[in-house]
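Colleague: I have a structure here, written as structure tokens, and I will follow up with some questions on it.
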Amino acid sequence: MTPRGGARAPRPLRARRATSREALEWAVAACGEHKAVDGVVLDLRTLSDATDYFIVVSGTSDTHVRAIAEHVLEALHNHGVKAHHIEGLASGRWVLLDFIDFVVHVFHPALREFYQLEGLWSDAPQWPVETGEEVR
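Each residue of the sequence shown is one higher than the one before, starting from 114 at the first, in my numbering.
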């Protein structure tokens, strides 16, 4: 249906979809805002077809791990980015947030030491994440 005069009403503007790099940066920032510790980004683009990046950070307790993960989910949701898959949020020992192009791993320090993701992916270029105090 057209308004009088035959002109069509303009379509509402659709929000621009975030790039994966923007979403990655928002996730890193969200980790820092909740004082995650020992943060690192692993660039897996030349090593894996499963994802492009891992963000690996630690919390200081189960509650802190959950709070960091929940804040990342909320911050990205506010930008229109939703996680494809979530693991471990209820326990707070190791939370995995899969955003397809990148995966956020939030660890309790004891589990991070045990699993050594940075060692498993030692060939990956990596850079530190500006977060809270270092605990290693």
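By construction, the Cβ of each residue, glycine as well, lies at the ideal position given by its N, Cα and C atoms.
1. Pick helix, strand or coil for Gly-232, following the three-state DSSP scheme.
2. Roughly how many angstroms lie between the CA atoms of Ala-180 and Phe-167, to the nearest whole one?
3. Nearest to Thr-173 by CA position, among Ala-237, Leu-155, Pro-241, Glu-226, is which residue?
4. My guess is that Val-208 and Val-178 are in contact by the Cβ rule of under 8 Å, so how many angstroms apart are they, rounded?
5. Note down the Cα distance separating Gln-239 from Arg-134, rounded to an integer number of angstroms.
6. Does the Cβ-Cβ distance between Phe-215 and Thr-164 come in under 8 Å?
7. Could you name the residues that DSSP lists as bridge partners for Asp-211?
8. Which one of Glu-187, Leu-155, Ala-203 has the shortest CA to CA distance from Leu-233?
9. At a cut-off of 7 Å, would you count Val-208 as near the ligand MG, judging by its Cβ distance to the nearest heavy atom?
Modeller: By the coordinates alone:
1. Of the three classes helix, strand and coil, the one that applies to Gly-232 here is helix, per DSSP.
2. Cα to Cα, the separation comes out at about 19 Å.
3. Closest by C-alpha distance to Thr-173, out of Ala-237, Leu-155, Pro-241, Glu-226, is Glu-226.
4. With a Cβ gap of about 6 Å, Val-208 and Val-178 count as contacting.
5. Looking at the two C-alpha atoms, the distance is approximately 15 Å.
6. Yes; because the gap between Cβ atoms is below 8 Å, this pair is in contact.
7. DSSP lists His-198, Val-216 as partners of Asp-211.
8. Sorting Glu-187, Leu-155, Ala-203 by C-alpha distance to the C-alpha of Leu-233 places Leu-155 at the top.
9. This structure lacks the ligand MG; in fact it carries no ligand of any kind.
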